[in-house]
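**Student:** Take a look at the following structure, please.
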Amino acid sequence: MRSRALAVFIGVSGLIACPAIWAVMAHDKLDLHLSVNKVVVGVADRFFRWITHAGDGMVPTLISCSLLVLGSWRSFLFMAMSNSLGGLIAQLLKRQVFGECDRPVEFLAEMPGLNVVQGVELHHHLSFPSGHATAAFSMCMAMAVLLNRVGWAALLAVLASFIAFSRVYLSQHFTEDILAGAAIGVFSCTVSYVLLYRSKWAQRPWIDRRPIAWHGRG
């Protein structure tokens, strides 16, 4: 059942998140960021500068569009709803509730020696929660459910974690920002899963038809 892939994704993500949660609780925000920032190296610079784009919204949109053509209404709606709901929650919190939260670059005076990756345009405000982390987890968790393989679910949880961590590595966010974003992504995907796979509404016959083929018969 797809619920097994869902559980594996959440379990692996939770295991990865545990050390980060402990670090956030045990250390000052700026001290923790400086500690993480010390591991900045050339090869990792290029890797994280590249992989961070997977959470900018374009990749989930492209996947959703491909499912509209190649998948069923259920798969398309699941991916689209997971990412749209997560993005909406993240942006509402970022702009309406935690709008005063600034990003690491605003604390340069208090973090002397902060390493900045060349070629990265640093943002200054609207730090909490991380929209990229939200998109990474809602997208990868939805993919885990659609692929319905335990191994893929574990790998996708690791991938989502790398995408989220790239935001801290690049000094675009603090650790608590990506943890909150990840939680929102998991929540939005879980809600979408319940609505599209477990509810009575999800049993409607048209939902497993392919959108292109369905329209073609109309």
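Under the numbering used here, the first residue of the sequence shown is numbered 1081, with each subsequent residue one higher. All C-beta atoms, glycine included, are put in the ideal place defined by N, C-alpha and C. In this text, all values refer to a predicted model and were calculated from it rather than measured experimentally.
Can you tell me whether G1094 is buried or exposed? The criterion is at least 16 other CB atoms within 10 Å of its CB, across all chains shown.
**Tutor:** exposed
**Student:** So the candidates are T1270, F1187 and S1218; which of them puts its Cα closest to the Cα of Q1252?
**Tutor:** Put simply, of T1270, F1187 and S1218 the residue whose alpha carbon is nearest the alpha carbon of Q1252 is F1187.
**Student:** Taking all protein chains shown into account, do 16 or more other C-beta atoms lie within 10 angstroms of the C-beta of N1117, making it buried, or fewer, making it exposed?
**Tutor:** Under this definition N1117 is a buried residue.
**Student:** Less than 7 Å between C-beta atoms, sequence neighbours within five positions excluded: which residues of the same chain meet that for V1230?
**Tutor:** Excluding residues within five positions, the ones whose Cβ falls inside 7 Å are R1084, A1085 and V1088.
**Student:** How should L1206 be labelled, buried or exposed, when 16 other C-beta atoms within 10 angstroms of its C-beta is the threshold for buried?
**Tutor:** Classification of L1206: buried, given that the 10 Å Cβ count is 16 or more.
**Student:** To the nearest angstrom, how far is the alpha carbon of A1237 from that of M1221?
**Tutor:** Going by the C-alpha atoms only, they are around 7 Å apart.
**Student:** Relative to the ligand SAM, is the shortest distance from any of its heavy atoms to the C-beta of G1179 smaller than 6 Å?
**Tutor:** In terms of ligand content, the structure shown is empty, and the ligand SAM therefore cannot be addressed.
**Student:** Assign F1128 to one of three DSSP states: helix, strand, or coil.
**Tutor:** helix
**Student:** Give me the Cα-Cα distance between R1289 and A1124, rounded to the nearest whole angstrom.
**Tutor:** Approximately 43 Å, taken between the alpha carbons.
**Student:** Can you check the stretch 1154-1233 for any alpha helix (DSSP H) of at least 4 residues that lies completely inside it and give the ranges in chain order?
**Tutor:** 1211-1227
**Student:** Whole angstroms are fine: how far does the CA of P1184 sit from the CA of N1195?
**Tutor:** 11 Å
**Student:** Quick check on the DSSP output: the alpha helix (DSSP H) that includes S1152 runs from which residue to which?
**Tutor:** Taken as a continuous stretch (DSSP letters only), S1152 belongs to no alpha helix (DSSP H), as it is neither H nor E.
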